[in-house]
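In the numbering used here, the protein residues as written are 918 to 1186. Glycine is no exception: its CB is placed at the ideal position from the N, C-alpha and C atoms.
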């Protein structure tokens, strides 16, 4: 088990210089940080046992290993795909199927019958993927919807502007920290502006399963395209608009963190 962990960490370190996708490392790590604060003692004990490190540390892990041998299948788990019925797709290619598979494989004490390194990988997948579905630019809509699938999937053709030049909305969201002035922020600073839900709001966010969360994420993604319409120049937005975008990003990161805690608490009862 220790050898497997060492190999995984070595691989991740080799890719650490690559730019992370989707939220970017700060947001993915904050999802893990928020979740840690809302784990049950039992869930925290088992996460510590399997990971030997924090949830926040492994937030960007899937972005670093997805091109490595043995992990290439994980490249398909970075997106929430929407069906023509406006429902989260459970096709094996997307995030929904992976989250459900991990939950079903490990809950009710079944993790005790699994190899420790496999359980550790499964937890790492959850840390990243539960956060990922809450990133609006990783929600891919059907061709018949607006915005079109080509603009919201891996093609990433939904454009805004920066100083008059075309900028993919997905690329903006990848680097939202430095794009909007949070370069160099610590995890504690991110935590201060994200883990702000009331107890009632937090309990509501944590209810349901991955399909319920996926439906909510679809609605949240649609709202983003209202907040950031095509052609909007982020270099010319008001301070109020800048804060609106930040508040929305923080809100989505928080929900990702609460729901990550919810699924880990369920698995490790």
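Boundaries of the alpha helix (DSSP H) around residue 1176: 1156-1184. Residue 1069: member of the alpha helix (DSSP H) spanning 1066-1069, first to last residue.
Less than 8 Å separates the beta-carbon of residue 1077 from that of residue 1149. Between residue 1186 and the set 1120, 1067, 1008, 961, the nearest pair of CA atoms involves 961. Taking residue 993 as the centre and dropping the five residues before and after it, the same chain places the C-beta of 1010 closer than 6 Å to its C-beta, in chain order.
Taking a cut-off of 8 Å on C-beta distances, the segment 1142-1162 does not touch the segment 1026-1041, as fewer than three cross pairs fall below it.
Residue 1126 and residue 1031 have their alpha carbons spaced roughly 23 Å apart. Rounded to the nearest angstrom, the Cβ distance from residue 1178 to residue 955 is 4 Å, consistent with a contact under 8 Å. Rounded to the nearest angstrom, the Cβ distance from residue 1131 to residue 1050 is 6 Å, consistent with a contact under 8 Å. Ranked by Cα distance from residue 1063, the first of 1143, 1079, 1087 is 1143. Linking residue 1069 to residue 1037 through their CA atoms gives a straight-line distance of about 31 Å. The three-state reading of DSSP puts residue 1074 in coil, since its state is none of H, G, I, E or B.
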